[in-house]
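Down below is the structure, laid out as structure tokens.
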Amino acid sequence: MIVASSCSTSKHLETAVARGVEVVAVESVIPGIECDSVTSSSFAASRDAVAHLLERGHTRIAIITGPLIVSSDRQRFEGYLAAVRSAGLTADDGLHIASDFSTEGGQAAISRLLNLDSRPTAVVVANSTMTLAALTAIFSAGLRGGGAWC
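The end of the sequence shown is residue 149 by numbering that gives the first Met the number 0, with every number in the run present.
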């Protein structure tokens with residue numbers, strides 16, 4: 000069984016593993032399940048994305064992740080922090096929102112960022128569903144996507 004899980008628990012897979020089903024995790028480590036996994040470097044990808052935005056002059060960069068209990072999202076957040084700190088900046092806790100990977104979660108997260116007194120000039124979003132929701136909200140607010148909002 001190939002599993003792309005964003006769950007913080009492995010209860011749903013324990014029965015399958017107990018019955019001898021071999022499991023391969025994609026893009027995350029599943030807590031409590033001993034299995035092979037195939038992952039990309041979420042840390043490096045996030046670090047590089049934030050470094051690119053910093054090179055373009057952004058200094059208030061937000062990040063929307065899934066729950067940090069999910070290994071890939073924790074790595075994305077750590078990559079974000081590494082890039083911000085490497086640039087000599089202090090990470091602003093108000094610029095990180097842990098959401099739930101859903102359209103509604105992406106909309107709520109970007110709404111919180113757009114309502115800050117000092118808005119971010121760029122945002123990194125952890126998954127495609129939340130990215131599309133964030134871009135829709137950004138365009139609806141009369142802002143442009145890409146360039147200033149990546």
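Glycine included, each C-beta is placed from N, C-alpha and C at the ideal position. Since we're looking at a predicted model, the values are computed, not measured.
| query | result |
| --- | --- |
| Ignore the nearest five residues each way along the sequence and tell me which others in I32's own chain have a CB closer than 8 Å to its CB. | S9, L12, E13, V16, V22 and A24 |
| In whole angstroms, give me the CA-to-CA distance for V123 and A44. | 11 Å |
| Could you tell me if T58 is buried or exposed, where buried requires 16 or more neighbouring beta carbons within 10 angstroms of its beta carbon? | exposed |
| Using the rule of at least 16 other Cβ atoms within 10 Å of the residue's Cβ for burial, across every protein chain shown, is L134 buried or exposed? | buried |
| Taking 9 Å as the threshold (beta carbon to beta carbon), is L113 in contact with chain B? | No chain B is present in this structure, which holds just one protein chain. |
| Please go through the same chain and pick out, in chain order, the residues whose beta-carbon is closer than 7 Å to the beta-carbon of R111, but skip the five residues on each side of it. | I96 |
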